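Protein chains in written order, with my numbering: chain S, 2 to 270; chain Y, 2 to 328.
Below is one structure, written out as structure tokens, with a few remarks after it.
Okay, here's the thing in structure tokens:
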């Protein structure tokens with residue numbers, strides 16, 4: 002076991018977004034967090050990355066409470082990519098990726114050989130070597146997302162947290178990003194925890210899925226265990242059918258909204 | 002890559018030449034012109050002799066150096082604050098430096114004119130006091146730039162009202178206060194240089210050490226935190242350094258506006274937003290702009306001197322607008 006959340010409660014100000022959540026993430030796996038809008042997916046991810054303060058509970062990385070790990074040391078083991086990050090307009094791809102080495106550098110030190118190697122490697126892996134000297138802002142949406150992924154890859158983490166890495170991308174670029182992530186997981190044994198909106202992508206690309214509903218863990222397990230018509234109805238309020246693709250992974254087709262007053266009411270609540 | 006590097010080095014060299022040119026013309030030109038070789042002689046073995054030597058050693062040299070350091074301090078402070086506050090309009094005004102020093106200076110000049118010798122320390126205390134006050138008001142589990150800026154606006158308005166009230170009540174004594182409010186370098190001496198110099202060295206050193214952190218901060222708080230940067234502490238320390246830099250400058254020359262806002266922006270337009278380049282570029286450009294403007298301020302309506310702040314704004318603002326349109 003690598004990453005474990007124990008009874009965490011998170012929120013903003015007075016309101017609790019996540020209530021008493023516990024789960025474990027095994028080393029080298031890909032986990033997707035799913036849930037309707039406002040279910041607290043991003044908040045959980047921020048909690049895991051220590052960028053959101055806990056009201057209660059703790060997160061353990063390899064058995065160590067992350068609250069007690071120095072931020073810089075934590076950033077060497079755990080990297081997070083937020084939703085739609087912004088870069089200064091003249092920042093080039095290579096400069097951005099070099100910033101990923103920040104947690105490995107000291108006040109006085111320059112770029113080490115390791116830094117240079119990892120930056121080139123990250124650029125290579127993300128297919129950005131030829132675009133390395135272009136400003137990030139001039140890239141297309143998909144390329145830009147790959148540049149940010151290259152930055153967190155240069156951090157050389159054991160755990161990668163991705164908040165909706167495919168949002169705002171067209172379908173081909175979505176798959177490209179997901180392939181990149183799973184390849185990274187396969188070759189570098191990086192544990193990946195990502196928030197996804199697309200249920201079928203999650204089922205296809207993850208070892209485990211966690212479904213959040215109203216700040217609580219509705220279910221956690223393999224895609225086969227988690228992706229059920231009951232879950233679709235109770236969590237997302239939609240009717241759907243489940244089928245298996247050629248690789249035996251469950252996929253769903255959505256027919257429409259559940260049209261009962263009860264359900265609408267329960268979703269409102 | 003190499004193109005970018007060449008461009009950056011070229012801009013930096015250009016700014017350095019500008020600074021050296023500014024220093025030289027400021028020493029050479031004035032009511033009497035002093036030839037360059039004589040300036041060199043005086044600086045190397047400052048044996049006091051003829052009138053030229055006297056003028057140079059006692060008046061021009063300290064004045065020029067104070068101008069250069071003031072330019073450096075205000076430009077660095079502005080550049081730092083623009084990153085730390087994530088706001089292109091951030092400058093030493095935002096953290097209350099100007100209004101604090103302004104009120105303190107005006108109080109001395111209008112109410113206690115016989116204590117004018119205390120001007121510099123009192124103005125420094127006023128500037129730092131206002132900055133600390135704004136910090137405390139904006140503090141709530143760390144500093145958020147927006148809250149800091151709004152607190153800054155409110156405190157500045159409050160202190161500004163105090164300045165205006167004093168000027169209205171004592172309208173017969175306003176002249177000195179007005180000069181203070183515009184800022185000027187006339188009659189700045191070695192003493193002023195020694196006051197400001199340690200801040201320039203210390204502040205400049207810390208700022209350059211923090212350049213990489215300012216770069217990380219420009220990716221946004223969340224990304225910066227993800228990269229292991231202690232965002233709150235960095236923001237606090239860098240704001241404090243900016244406050245010291247600006248307060249030391251303002252307490253010596255009065256409320257010199259413009260430099261802290263426009264110089265960093267001009268440097269950014271020409272050299273980019275990488276703070277490892279932007280900070281030295283801002284410092285050099287600041288030194289050049291202030292010394293050159295001061296030379297003009299002495300020459301244009303000679304023998305009458307106009308405050309350097311006015312010259313800078315008249316020439317610098319249109320130039321900056323030109324740069325902005327061109328981009």
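Glycine included, every Cβ here is placed at the ideal spot set by N, Cα and C.
As the structure is a prediction and not an experimental result, all values here were calculated from the model.
Legend entry - Nearest-angstrom beta carbon gap, residue 56(S) and residue 4(S) [assumed within contact, 8 Å]: Going by Cβ atoms, the distance from residue 4(S) to residue 56(S) rounds to 20 Å, so no, they are not a contact pair.
Legend entry - Contact set between residue 231(Y) and chain S, taken where Cβ atoms lie within less than 7 Å: Simply 72.
Legend entry - Residues that residue 253(S) bridges to, as DSSP identifies them: Residue 253(S) pairs with 243(S).
Inset, instruction - Please work out which residues of its chain come closer than 7 Å, Cβ to Cβ, to residue 50(S), disregarding the five sequence neighbours upstream and downstream, and give them in chain order. - result: Answer for residue 50(S): 79, 81 and 162, listed in chain order.
Inset, instruction - Take residue 215(S) and list the residues in its own chain whose beta-carbon comes closer than 7 Å to its own, dropping the five residues that flank it on each side. - result: Counting only Cβ-Cβ distances below 7 Å, and skipping sequence neighbours, we find 40.
Inset, instruction - Could you check if residue 223(Y) is buried or exposed, using at least 16 other CB atoms within 10 Å of its CB as the buried criterion? - result: So residue 223(Y) ends up on the buried side.
Legend entry - 4 or more residues per run - each alpha helix (DSSP H) lying fully within the segment 57-124 of chain Y: The segment 57-124 of chain Y contains these whole alpha helix (DSSP H) runs: 62-85 and 98-112.
Inset, instruction - Return the chain-ordered list of same chain residues with a C-beta closer than 6 Å to the C-beta of residue 190(S), the five sequence neighbours on each side being excluded. - result: Non-local C-beta neighbours of residue 190(S) in its own chain, meaning closer than 6 Å and more than five positions away in sequence, comprise 29, ordered along the chain.
Inset, instruction - Output yes if chain Y places a C-beta closer than 8 Å to the C-beta of residue 46(S); else output no. - result: For residue 46(S), the closest Cβ of chain Y is not nearer than 8 Å.
Inset, instruction - Compute the distance between the beta-carbons of residue 268(Y) and residue 288(Y), then report whether it is under 8 Å. - result: Residue 268(Y) places its beta carbon 8 Å or farther from that of residue 288(Y).
Inset, instruction - Spell out a yes or no on whether the segment 148-163 of chain S and the segment 93-102 of chain S are touching, meaning 3 or more CB-CB pairs, one atom from each, closer than 8 Å. - result: Contact between the segment 148-163 of chain S and the segment 93-102 of chain S is present: 3 or more CB-CB pairs across the two stretches fall below 8 Å.
Inset, instruction - Find the residues of chain Y that neighbour residue 52(S), judging by a C-beta separation of less than 9 Å, and give them in chain order. - result: Per Cβ cutoff of 9 Å: 222, 223, 226 and 227.
Inset, instruction - Buried or exposed for residue 326(Y), please, with buried defined as at least 16 other CB atoms from any protein chain shown within 10 angstroms of its CB. - result: Residue 326(Y) comes out exposed.
Legend entry - Residue closest to residue 184(Y), alpha-carbon to alpha-carbon, out of 270(Y), 252(Y), 46(Y) and 56(Y): Comparing Cα-Cα distances from residue 184(Y) to each of 270(Y), 252(Y), 46(Y) and 56(Y), the minimum goes to 252(Y).
Legend entry - Residues of its chain near residue 84(S), where Cβ-Cβ distance is below 8 Å and the 5 sequence neighbours each way are ignored: For residue 84(S), same chain residues with a beta-carbon under 8 Å away, outside a window of 5 residues either side, are 43, 164, 165 and 168 in chain order.
Legend entry - Residue interval of the alpha helix (DSSP H) (run including residue 164(Y)): Where residue 164(Y) is concerned, the enclosing alpha helix (DSSP H) starts and stops at 146-170.
Legend entry - Rounded separation between residue 24(Y) and residue 318(Y) - CA only: Distance between the alpha carbons of residue 24(Y) and residue 318(Y) is about 22 Å.
Legend entry - Residue-level contact to chain Y via CB, residue 16(S), 8 Å cutoff: So no, residue 16(S) is outside the interface.
Legend entry - Chain-order list of residues whose beta-carbon lies under 8 Å from that of residue 293(Y) (same chain, five-residue window excluded): Once the five neighbours on either side are set aside, the close Cβ partners of residue 293(Y) are 19, 22, 23, 26 and 27.
Legend entry - Strand pairing of residue 6(S), partner residues [DSSP]: Its beta-bridge partners are 24(S) and 60(S).
Inset, instruction - Give me whichever residues DSSP pairs with residue 136(S) in a beta bridge. - result: For residue 136(S), DSSP records a beta bridge to 93(S).
Inset, instruction - Specify the secondary structure class of residue 192(S) as computed by DSSP and reduced to three states. - result: Here residue 192(S) sits in strand by DSSP.
Inset, instruction - At 9 Å on the CB atoms, spell out the chain Y contacts of residue 76(S), in chain order. - result: Within 9 Å Cβ-Cβ: 226, 227, 228, 229 and 230.
Legend entry - As assigned by DSSP and simplified to three states, the class of residue 53(Y): Three-state result, residue 53(Y): helix.
Inset, instruction - Tell me whether residue 70(S) sits in a helix, a strand or coil according to DSSP, three-state version. - result: Residue state, collapsed to three classes: coil.
Inset, instruction - Would you check whether the ligand GTP has a heavy atom nearer than 7 Å to the C-beta of residue 251(S)? - result: This structure lacks the ligand GTP, and indeed carries no ligand of any kind.
Inset, instruction - Using three-state DSSP, classify residue 50(S) as helix, strand or coil. - result: Correct three-state label for residue 50(S): coil.
Legend entry - Residue range of the unbroken alpha helix (DSSP H) whose run includes residue 196(Y): Boundaries of the alpha helix (DSSP H) harbouring residue 196(Y): 191-210, taken from the DSSP string.
Legend entry - Listed by chain order, chain Y residues near residue 108(S) by CB distance under 8 Å: 210, listed in chain order.
Inset, instruction - For residue 103(S), go through chain Y and note every residue whose CB falls closer than 8 Å to its CB, in chain order. - result: Within 8 Å of the CB of residue 103(S), the CB atoms of chain Y belong to 213, 217, 228, 229 and 230, in sequence order along the chain.
Inset, instruction - Apply the 10 Å Cβ neighbour rule to residue 199(Y) and answer buried if 16 or more other Cβ atoms are within range, or exposed otherwise. - result: When all chains shown are included, residue 199(Y) counts as exposed.
Inset, instruction - Answer yes or no: do residue 62(S) and residue 218(S) have a C-beta to C-beta separation smaller than 8 Å? - result: Not in contact: residue 62(S) and residue 218(S) (Cβ atoms no closer than 8 Å).
Legend entry - Short-range partners of chain S found in the segment 265-278 of chain Y, where Cβ spacing is below 8 Å: From the segment 265-278 of chain Y, only 273, 274 and 275 have a Cβ closer than 8 Å to chain S.
Inset, instruction - Note down, one range per segment and in chain order, each alpha helix (DSSP H) of at least 4 residues found wholly within the segment 203-234 of chain S. - result: DSSP runs (the alpha helix (DSSP H)) wholly in the segment 203-234 of chain S: 224-227.
Legend entry - Beta-bridge pairing of residue 164(S) - partner residues as DSSP gives them: For residue 164(S), which the question treats as bridged, DSSP gives the partners 196(S).
Legend entry - With 16 other Cβ atoms within 10 Å as the buried cut-off, status of residue 98(Y): Classification of residue 98(Y): buried, given that the 10 Å Cβ count is 16 or more.
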